[in-house]
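If you're matching positions, the sequence shown starts at 1253 in the numbering used here and goes up one per residue.
Backbone N, C-alpha and C fix where the C-beta goes; we use that ideal spot for every residue, glycine too.
Here the structure is a predicted model, which means the values were calculated and not measured.
Some notes on the structure that comes next.
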Amino acid sequence: MPDAVARAALRQFLLGLAQGMNASAESVDRIRDTMTEVAAAYGGDDTDFVVLPTIILVETGGDEESRVAIRSATNASFRFDQIAVLYELIARARTGSVPPLDGIARLNEIGAMRPRLGWVTRTLGHAVLTTGLALLLAPTWQGAIVAFVLGAGIGLLKLVRSPTLQLVMPIAAAFVCATAVFLLAEVVEIGDPIRLLIAPLVTFLPGGVLTTATVELAAGQMISGASRLIYGFVQLALLAFGILAAGSVVGVESRSYEPLATASFLPWWVALIGILVFALGNYLHFSAPASTFGWVLLALIVAYAGQWAGAVLLGATMGGFIGAVAMTLAVFWIASLRHGVPAQITFLPAFWLLVPGAAGLVGLTEAVATDSGLADFMTALVSVMSIALGVLIGTALYRVVHHGAEEIVQFAVAAPTVVARAPRVWERLLPWRRR
1253 MPDAVARAAL RQFLLGLAQG MNASAESVDR IRDTMTEVAA AYGGDDTDFV
1303 VLPTIILVET GGDEESRVAI RSATNASFRF DQIAVLYELI ARARTGSVPP
1353 LDGIARLNEI GAMRPRLGWV TRTLGHAVLT TGLALLLAPT WQGAIVAFVL
1403 GAGIGLLKLV RSPTLQLVMP IAAAFVCATA VFLLAEVVEI GDPIRLLIAP
1453 LVTFLPGGVL TTATVELAAG QMISGASRLI YGFVQLALLA FGILAAGSVV
1503 GVESRSYEPL ATASFLPWWV ALIGILVFAL GNYLHFSAPA STFGWVLLAL
1553 IVAYAGQWAG AVLLGATMGG FIGAVAMTLA VFWIASLRHG VPAQITFLPA
1603 FWLLVPGAAG LVGLTEAVAT DSGLADFMTA LVSVMSIALG VLIGTALYRV
1653 VHHGAEEIVQ FAVAAPTVVA RAPRVWERLL PWRRR
C-alpha cells in the first residue's frame, strides 16, 4: 500500500508539472522530455506520458500493475513570476530532491500566487509595453502617444479574469483600438495606422502559438502542432474581424488597410529606446522577478539585431529567420547559466518583438478587405514559417552541442514481464518432474 500511495503521488506531481509547463506556453515535446527526466529521478523508469495542449496522461507501473492518471489542461496562463518559481521547482524535481506530496503543495501555491506588482503598475506596464513596440513598428511621436493611451485601456481590460468575457475580448479590443486609430488617422499624423494597431493588440497576437505549432509539427507532434496552428489562425481571424468591423463603422476605404511604406520619421536610435521601453513594459505587466529584466533585455537586443542584420543582408523574410536563430541560441544559453532565467521568460517577449503574429494579422486583414491582399497574406505566412524554422534550427543546434547523439531514438517494443509459476507439491517432492 505505501508503494501504491507513492506512485499515486508521483503521478499527480508529474501531471501538475506538465500542466504548469503548459500554462507557461511550453511545447509538448519539451514538456514530455522534462517529465521523462523528472520521472527517472524518482525511479519511475516505467512511466510513460501523453501530452497534448488540452489533455495530459501519465502511466506508471508495468503490465497488470499499471495505473493511468488523466487531467484536462486548463486555459490558465502563467505570469513571469509564476514561470520563474515553477522552473525552480522543476530544477529541484530533476534531481529528485523534493517529495512528490511537497511538490504538489508547491504547485498549488504557484497557481494561487498573487501578482508581485499591483494592478495599477501592471496596467501601466501594458501601456509602456505598447509604447515600446509602437516606436519599433510605426515610429512617430504621435503614434507612440496614441499607443500608450490604447495600451493602458487594453491593460485595464485584461484585468478582467472572466473566462466568458475572455472569449470575446480579442474582438472587442480590436474593434475599440481600430475605431480610435482610424478616426485619429484623419486628423493626426500617426504614421501607418495598420501597423500602429499591432502595438496595443500585441498580447492578443498568437505569434508564440503559431511558432510553437510549427516547431511541434517539425518535431513530429502532429496532433498538437495542427491544433495549435488552427487555434492561432482563429485568433488572428477574430482580431481581423474586429478591425474590419471598426472599418465598416467608421467608413474606411479598402486601400486604407494596405500598410504604408516602412519609413521612419524618427532618428535611428529611437529603436534602441523602443527595445528598452518594451523590455520595461514586459517586466511591469507580467510581474517579472527583478533578476530577469537584464536577461530579457539581452534577448530582445539579440533578436532585434539578428532580424535587422538578416533583413539588410538577405531580405525581410530572411531577417525573421536570422533573428529567430540568434534569439533561440541566446535564450537557451541564458537558461543554461547558473544564475540565468527560464527560457520561456525570455522567449515570449522576443517572439512579440519579431512579431510573426503581427505580420499574419496584417496579411489576413488585407486578404479580406483588399483585392490584392491574398498575395500579401502568403508573404506574411512565409514570414511566420521562416521565424518558426529559425526557432527550430536554433533549438536543434543547441541540443546537438549539449547532447550530441544521445537524442537518437531507437525503435523498441518492451516484452511483457513473465511471472514465474509456483511449483506444485509433487514437483517440489520430485525434482525431476519440474518443468
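Checklist entry - Can you tell me the Cα-Cα spacing of Phe1663 and Arg1374, whole angstroms? => result Here the model assigns Phe1663 a pLDDT of 48, short of 50, so the residue's position is not dependable and the matter cannot be decided.
Item to check | Close-in-space but distant-in-sequence residues of the same chain around Leu1369 (CB under 6 Å, 5 per side omitted) | outcome: Cβ within range, chain order: Ser1539.
Checklist entry - Which runs of the alpha helix (DSSP H) fall wholly inside the stretch 1364-1437 and span at least 4 residues, in chain order? => result 1371-1389, 1393-1409 and 1415-1437
Checklist entry - Quick one: any contact between the stretch 1285-1297 and the stretch 1320-1337, if contact means 3 or more CB pairs under 8 Å? => result Because the criterion of three Cβ pairs below 8 Å is not met, the stretch 1285-1297 and the stretch 1320-1337 do not touch.
Item to check | Length of the line joining the Cα atoms of Gln1559 and Thr1382 | outcome: About 20 Å.
Checklist entry - With C-beta atoms as the reference, is Val1310 less than 8 Å away from Leu1353? => result Their beta carbons are not under 8 Å apart, which means Val1310 does not touch Leu1353 by this criterion.
Next on the checklist: Any heavy atom of the ligand GTP closer than 7 Å to the beta-carbon of Arg1331?
Outcome noted: Ligands displayed in this structure: none; no statement on the ligand GTP is therefore possible.
Checklist entry - For Ser1588, which three-state DSSP category applies? => result helix
Checklist entry - Just the Cα atoms here: how many angstroms apart are Leu1532 and Ala1587? => result 20 Å
Item to check | Given 8 Å, three or more beta-carbon pairs between the stretch 1383-1401 and the stretch 1544-1551 | outcome: no
Checklist entry - Which one of Ile1495, Gln1473 and Val1461 has the shortest CA to CA distance from Ile1450? => result Ile1495
Item to check | Counterpart residues of Ile1307 in DSSP-defined beta bridges | outcome: Ser1324
Item to check | Segment limits, alpha helix (DSSP H) that includes Ile1482 | outcome: Met1474 to Val1502
Next on the checklist: I need the DSSP call for Pro1511, collapsed to helix, strand or coil.
Outcome noted: Summary for Pro1511: the model assigns pLDDT 47, below 50, so the residue's position carries little reliability; its value from the coordinates is reported in the next sentence. Note: Pro1511 maps to coil in three-state DSSP.
Checklist entry - Can you round the beta-carbon distance between Gly1575 and Ala1555 to whole angstroms, since I take them to be within the 8 Å contact cut? => result 5 Å
Next on the checklist: Could you pull the DSSP bridge partners for Arg1319 from this structure?
Outcome noted: Thr1312
Next on the checklist: How far does the alpha helix (DSSP H) with Ile1442 in it extend, from its first residue to its last?
Outcome noted: It is not in any alpha helix (DSSP H) - Ile1442 carries neither H nor E in the DSSP assignment.
Checklist entry - Nearest-angstrom Cα distance between Phe1584 and Thr1647? => result Rounded to the nearest angstrom, the two C-alpha atoms are 8 Å apart.
Checklist entry - When the Cβ atoms of the stretch 1267-1275 are set against those of the stretch 1432-1445, are three or more pairs found closer than 8 Å? => result no
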